[in-house]
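Chemist: Submitted below is the structure of interest, expressed as structure tokens.
There are 2 protein chains.
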Amino acid sequence: MLHAEIVSIGDELLIGQIINTNASYISNSLNAIGVDVSRVTTIGDHEKRLSAAIALAWKENDIVIATGGLGPTHDDISKVIVAKFFKKKLVLHPPTLRRVEARFKTFGIGKMPKANISQAMIPEGFTVLNNDRGTAPGLLYYQGAKTFVILPGVPHEMKWLMEQHVIQLLKKNYAKKLGDVILHKTILTIGIGESLLAEKVGDVSTFLAKGATLAYLPKLSGVRMRISVRSNDEKNGKDTLRRIEKFIRKQISPFIFGCNDDTLEEAVVGLLQKQKTTVSTAESCTGGMLSMKLTNVSGSSAVFPGGIISYANAIKIKQLGVPQAIINKYGAVSEQCAAAMAECVRKKFGTTYALSITGIAGPDGATPEKPVGTIWIALAQEHTKTLTKLYHLGSERSINRERSSDLALELLRRRLLNLS
Amino acid sequence: MLHAEIVSIGDELLIGQIINTNASYISNSLNAIGVDVSRVTTIGDHEKRLSAAIALAWKENDIVIATGGLGPTHDDISKVIVAKFFKKKLVLHPPTLRRVEARFKTFGIGKMPKANISQAMIPEGFTVLNNDRGTAPGLLYYQGAKTFVILPGVPHEMKWLMEQHVIQLLKKNYAKKLGDVILHKTILTIGIGESLLAEKVGDVSTFLAKGATLAYLPKLSGVRMRISVRSNDEKNGKDTLRRIEKFIRKQISPFIFGCNDDTLEEAVVGLLQKQKTTVSTAESCTGGMLSMKLTNVSGSSAVFPGGIISYANAIKIKQLGVPQAIINKYGAVSEQCAAAMAECVRKKFGTTYALSITGIAGPDGATPEKPVGTIWIALAQEHTKTLTKLYHLGSERSINRERSSDLALELLRRRLLNLS
Chain A
1 MLHAEIVSIG DELLIGQIIN TNASYISNSL NAIGVDVSRV TTIGDHEKRL
51 SAAIALAWKE NDIVIATGGL GPTHDDISKV IVAKFFKKKL VLHPPTLRRV
101 EARFKTFGIG KMPKANISQA MIPEGFTVLN NDRGTAPGLL YYQGAKTFVI
151 LPGVPHEMKW LMEQHVIQLL KKNYAKKLGD VILHKTILTI GIGESLLAEK
201 VGDVSTFLAK GATLAYLPKL SGVRMRISVR SNDEKNGKDT LRRIEKFIRK
251 QISPFIFGCN DDTLEEAVVG LLQKQKTTVS TAESCTGGML SMKLTNVSGS
301 SAVFPGGIIS YANAIKIKQL GVPQAIINKY GAVSEQCAAA MAECVRKKFG
351 TTYALSITGI AGPDGATPEK PVGTIWIALA QEHTKTLTKL YHLGSERSIN
401 RERSSDLALE LLRRRLLNLS
Chain B
1001 MLHAEIVSIG DELLIGQIIN TNASYISNSL NAIGVDVSRV TTIGDHEKRL
1051 SAAIALAWKE NDIVIATGGL GPTHDDISKV IVAKFFKKKL VLHPPTLRRV
1101 EARFKTFGIG KMPKANISQA MIPEGFTVLN NDRGTAPGLL YYQGAKTFVI
1151 LPGVPHEMKW LMEQHVIQLL KKNYAKKLGD VILHKTILTI GIGESLLAEK
1201 VGDVSTFLAK GATLAYLPKL SGVRMRISVR SNDEKNGKDT LRRIEKFIRK
1251 QISPFIFGCN DDTLEEAVVG LLQKQKTTVS TAESCTGGML SMKLTNVSGS
1301 SAVFPGGIIS YANAIKIKQL GVPQAIINKY GAVSEQCAAA MAECVRKKFG
1351 TTYALSITGI AGPDGATPEK PVGTIWIALA QEHTKTLTKL YHLGSERSIN
1401 RERSSDLALE LLRRRLLNLS
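Quick mapping for you: the protein sequence lines, in order, are chains A and B.
Taking the working numbering, the leading residue of the first sequence gets 1, the next gets one more, and so forth.
Taking the working numbering, the leading residue of the second sequence gets 1001, the next gets one more, and so forth.
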């Protein structure tokens, strides 16, 4: 197994100005060819700390990929420090200088500023990785069986260099050592907590193969289960992954709505499409979020004609047709009002199903009987008793709205699958 | 100067599945109170590597903040390793157990599964930081002048614990040692591109003080301008920041809708509240996103009674009242339809203003005359000619929906400020 470390360089990463998306991109690329990423170290443009980080990374890994600090300005110190660490002199690389000069011409920026000459200075013995996306080349150095790479930190330049140069070179040079591929599949669940899920799935040691792991990743409205398989053979790895997935699906199938990048709304829209049924919406506290989610899905127009956002009580009464008496007697956040909202919008819009949400998202509007987080959701269907559900969510408005929308989608998903 | 290291724990961070947003949030929070972040180390759920990372971080820093691996399942090993490193026994902490049990009750999930008992096991001598957002408490340990903190990796739980506990405690304990404060203020603009903005603002060297920087950060629907000031005195720093902000505001005031975490919808709702006017919405391609944005703002019920999502043409005609002839003659994506949608919903809902959006978000629905990204937006107002605007946005559905919603809000903002 080959181990790699990513060293992300730049003050902007340490003062919270920039989120380190480069590291996850590089991790992904390395994993895909069977290189394990053992650590990501993020460090500022600080000579002593950077030297120490490079030394440690180089000592403990087969491959080190550093990014950042290759620009032409005084605070870009990475190359100097790398040269020093490997005891190499920085020498002018004429082909790179010509490339940098040409870039200034091509892009109409004019004559190359003097500062950019520094970008053509290369540590002796390093391989230059031509950069078609910017002025700073990537640099690569072999020592024994180890490889050191440094790339510019600008994400689209880094990605281009990874794809065009680094991954190819690593695949070639480590061909014999790259046996192990790492494959992932994420199963997406909803309607069940992490620990109950783990209970239902059971003791992982009974079904996980060697080299396989299962991780539970709780999100706002559900738990993601990531299966990872490490294998020296891609086909075997895929088989193992499939076997584990099949086992897990058997234990918890009603709670699974998709995998990897699927969304709950895609699952619901897909089921509606398949069953040639439609849904409309009547939203109060979510104010359009449920409809927005449904229409996130391209092709949703076949199953979702529209909805009414009845944020004010007057609109619930006048536009939706909720009886004034219901609101007077039970209030707008009530089982009766939720049911009426769903039934009214279903009739008006002529859909198979209708979903409604009314609640107190917070921070205002709470009463002693109806604290913030009190949410009623209803699902109406012709010739069927309207289903109503009460939830007590938390105190945060945005989270309550998000979870309410997902809970409504989940009610419909279960109905479409005859799960409730 | 106090130095801190952030240790981000979790396999999901090393396989590129999750971008490490926690680290930048924590960096920001620490910088704001004058703590320098010297390194971020990201490490998997791997005993040996995690122990080594904690040891190194603890050796070289005054403060270590670790996140992740505090869940109830078998792959959550952080607490055990931390306890081992500090040579502490894990002991049951009854108040925490009661809190975890209570959480399961409150949220109607039922009885606490056995696995969650582990979340109430605390290393002896550690301070428990109660977590109102989840089951895993934060943990804090002082040794000499050093502080070790570990928090759950779920972002909203981590943030809550940082705000409610960690930052307060650090400020109290290190009052005398906190160094240079770094202050940021971000001015939010819309309706003007980055280079025009830079032209209007002028040469930064004429108004930026020593230690101050100005960065232009283009986002989907506007450009953010971040002013940063480093100062050894909070009051001086704030004065400098205020002076720079005042200068910038003078140059570009019509384009500024807020600062820092303000949103465009907050600006619009605020203006409506102040002017005691109201708005309703008629949405087609955005499918509820515009309404969702307006109702993101707590207190929006005073200015937004609701809207109609008329995704299907039949709904535009039957529910909104758009004349069938308009749709037959010009199509649903047309100036005439957008104007009718806004005028109809305004009358039905009795609001001062109404906004409508109809367009081709993509990827389906395009025609040679109306390519993906063609969007019509209308703003209706009583006794005023309806304003209509045509936009040609890009090819990506989600971006088109997002930008359309913001463009509609910006139309209304300019009307409310008499800017157009």
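For every residue, glycine included, the Cβ atom is placed at its ideal position computed from N, Cα and C.
Since A/S51 and B/G1016 are thought to touch, with beta carbons under 8 Å apart, how far apart are those beta carbons, to the nearest angstrom?
Modeler: Contact between A/S51 and B/G1016 fails: their C-beta atoms lie close to 27 Å from each other, not under 8 Å.
Chemist: For A/P94, which of A/K111, A/I117 and A/M112 has the nearest alpha-carbon?
Modeler: A/I117
Chemist: Inspect the beta-carbon positions of B/I1009 and B/D1045 and report whether they are closer than 8 Å.
Modeler: yes
Chemist: What does DSSP give as the partner residue(s) for B/I1065 in the beta ladder?
Modeler: B/I1006 and B/V1149
Chemist: Hey, B/A1120 and B/L1151 are a contact pair by Cβ (cut 8 Å); roughly how many whole angstroms apart?
Modeler: 16 Å between Cβ atoms; not a contact.
Chemist: Return the chain-ordered list of same chain residues with a C-beta closer than 8 Å to the C-beta of B/E1047, the five sequence neighbours on each side being excluded.
Modeler: Counting only residues of its own chain and dropping the five nearest sequence neighbours on each side, B/E1047 has a CB closer than 8 Å to the CB of I1077 and I1081.
Chemist: With a cut-off of 8 Å, does the C-beta of B/V1035 fall near any C-beta of chain A?
Modeler: Chain A, which has no Cβ nearer than 8 Å to the Cβ of B/V1035, makes this no.
Chemist: For B/L1197, which residues in the same chain have their Cβ closer than 8 Å to its Cβ, ignoring the five residues on either side in sequence?
Modeler: T1189, Y1216, V1223, M1225, I1252 and F1255
Chemist: According to DSSP, what are the bridge partners of B/A1354?
Modeler: B/S1280 and B/A1380
Chemist: Use the C-beta contact count for B/Q1336: other C-beta atoms within 10 angstroms, 16 or more gives buried, fewer gives exposed.
Modeler: With 16 or more other Cβ atoms within 10 Å, it is buried.
Chemist: For A/C259, which residues in the same chain have their Cβ closer than 7 Å to its Cβ, ignoring the five residues on either side in sequence?
Modeler: K185, T186, I187 and L188
Chemist: Between the Cα of A/V91 and the Cα atoms of A/Q143, A/R401 and A/T127, which residue gives the shortest distance?
Modeler: A/T127
Chemist: With DSSP collapsed to three states, give me the class of B/T1096.
Modeler: helix
Chemist: Once you ignore the five residues that flank A/P422 on each side, which residues in its own chain have a CB closer than 8 Å to its CB?
Modeler: Because chain A here runs from 1 to 420, residue 422 of chain A falls outside it and cannot be looked at.
Chemist: Give a yes or no on whether 8 Å exceeds the smallest Cβ distance from A/M289 to chain B.
Modeler: yes
Chemist: Quick check on this structure: which residue in B/V1297, B/G1069 and B/L1409 has the alpha carbon closest to the alpha carbon of B/S1221?
Modeler: Nearest option by C-alpha distance: B/L1409.
Chemist: Is the CB of B/Y1311 under 8 Å away from at least one CB in chain A?
Modeler: yes
Chemist: Candidates A/I227, A/I182, A/G211 and A/K219: which alpha carbon is nearest A/V201's?
Modeler: A/I227
Chemist: Specify the secondary structure class of B/V1035 as computed by DSSP and reduced to three states.
Modeler: strand
Chemist: Which of helix, strand or coil does DSSP assign to B/N1116?
Modeler: B/N1116 falls in the helix class under three-state DSSP.
Chemist: Just checking my contact of A/I315 with B/G1306 at CB under 8 Å: how many whole Å lie between their CB atoms?
Modeler: 4 Å
Chemist: For B/N1130, count neighbouring Cβ atoms within 10 angstroms of its own Cβ and tell me buried if that reaches 16, exposed if not.
Modeler: exposed
Chemist: For B/N1260, which of helix, strand or coil comes out of DSSP?
Modeler: coil
Chemist: On a CA-only basis, which of B/T1106, B/Y1142 and B/V1035 is nearest B/K1171? Give me that one, please.
Modeler: B/V1035
Chemist: When burial is assigned at 16 or more other CB atoms within 10 Å of the CB, is A/D261 buried or exposed?
Modeler: Answer is exposed; the Cβ neighbour count stays below 16.
Chemist: Is there a Cβ from chain A that is less than 8 Å from the Cβ of B/A1378?
Modeler: no
Chemist: What would DSSP say about A/Y174, mapped onto helix, strand or coil?
Modeler: coil
Chemist: Which of helix, strand or coil does DSSP assign to A/Y311?
Modeler: coil
Chemist: Roughly how many whole angstroms lie between the Cα atoms of A/V204 and A/L214?
Modeler: 8 Å
Chemist: A/G16 versus chain B: which residues are under 7 Å apart at the beta carbon?
Modeler: S1024, Y1025, S1027, N1028 and N1031
Chemist: Return yes when the Cβ of A/S298 is within less than 8 Å of the Cβ of A/A332, no when it is not.
Modeler: no
Chemist: Compute the distance between the beta-carbons of B/G1287 and A/S29, then report whether it is under 8 Å.
Modeler: no
Chemist: Measure the alpha-carbon distance for B/Q1324 versus B/K1105 and round it to whole angstroms.
Modeler: Cα to Cα, B/Q1324 sits roughly 54 Å from B/K1105.
Chemist: Determine the burial state of A/P137: buried for a count of at least 16 other Cβ atoms within 10 Å of its Cβ, exposed for fewer.
Modeler: buried
Chemist: Any chance the CB of A/N232 is under 7 Å from a heavy atom of the ligand NAD?
Modeler: This structure lacks the ligand NAD; in fact it carries no ligand of any kind.
Chemist: Quick check: is the beta carbon of B/S1395 nearer than 8 Å to any beta carbon in chain A?
Modeler: no
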